[in-house]
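**Student:**
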Amino acid sequence: METTFHLNANELDANFLEALKRLFVGKDIVINVADEVDTTDYLLSDADRKAVLFKSIQEAESGALVSVNLNDYRAQ
1 METTFHLNAN
11 ELDANFLEAL
21 KRLFVGKDIV
31 INVADEVDTT
41 DYLLSDADRK
51 AVLFKSIQEA
61 ESGALVSVNL
71 NDYRAQ
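At position 15 of the sequence shown the residue is numbered 15 (the UniProt record's numbering), and the sequence of numbers has no breaks.
Have a look at this one:
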């Protein structure tokens, strides 16, 4: 089982740890901690990614969209 929590460091407390312990009773677990990256900041931080983002926005606003039926891609 894998679970991802997104929270502020100030929200870490004994209740959080107890909830983790209840969720993974008797199991060995791995805890990874990382700063959460703001997706918009990431996309705008590189000129090429920024250009692709704005091109996509312009295409969407002009109605140049592609509709996809996910059922066409599901295994039979």
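A virtual CB, placed ideally from N, CA and C, is assigned to each residue, including glycine.
1) Do residue 3 and residue 23 have their C-beta atoms within less than 8 Å of each other?
2) Going by DSSP in three states, residue 19 sits in which element: helix, strand or coil?
3) Going by alpha carbons, who is nearest to residue 41 out of 50, 30 and 33?
4) On the premise that residue 53 lies in contact with residue 65, defined as a C-beta separation below 8 Å, what is that separation, rounded to the nearest angstrom?
5) If you run the structure through DSSP and keep just helix, strand and coil, what is residue 41?
6) Whole angstroms are fine: how far does the CA of residue 47 sit from the CA of residue 57?
**Tutor:** Straight from the coordinates:
1) As a working note, residue 3 is residue 3 in the sequence shown. As a working note, residue 23 is residue 23 in the sequence shown. Contact: yes.
2) Numbered from its first residue, the sequence shown carries residue 19 at position 19. The answer is helix: DSSP assigns residue 19 an H, G or I state.
3) As a position in the sequence shown, residue 41 is number 41, starting the count at 1. Minimum Cα distance to residue 41 is reached at 50.
4) Sequence index remark: in the sequence shown, residue 65 carries index 65 (1-based). Sequence index remark: in the sequence shown, residue 53 carries index 53 (1-based). Not a contact, Cβ separation roughly 16 Å.
5) As a working mapping, residue 41 is identified with position 41 in the sequence shown. In this structure, residue 41 counts as helix in the three-state DSSP scheme.
6) Here residue 57 refers to the residue found at position 57 of the sequence shown. Here residue 47 refers to the residue found at position 47 of the sequence shown. Taking the straight line from one Cα to the other gives about 15 Å.
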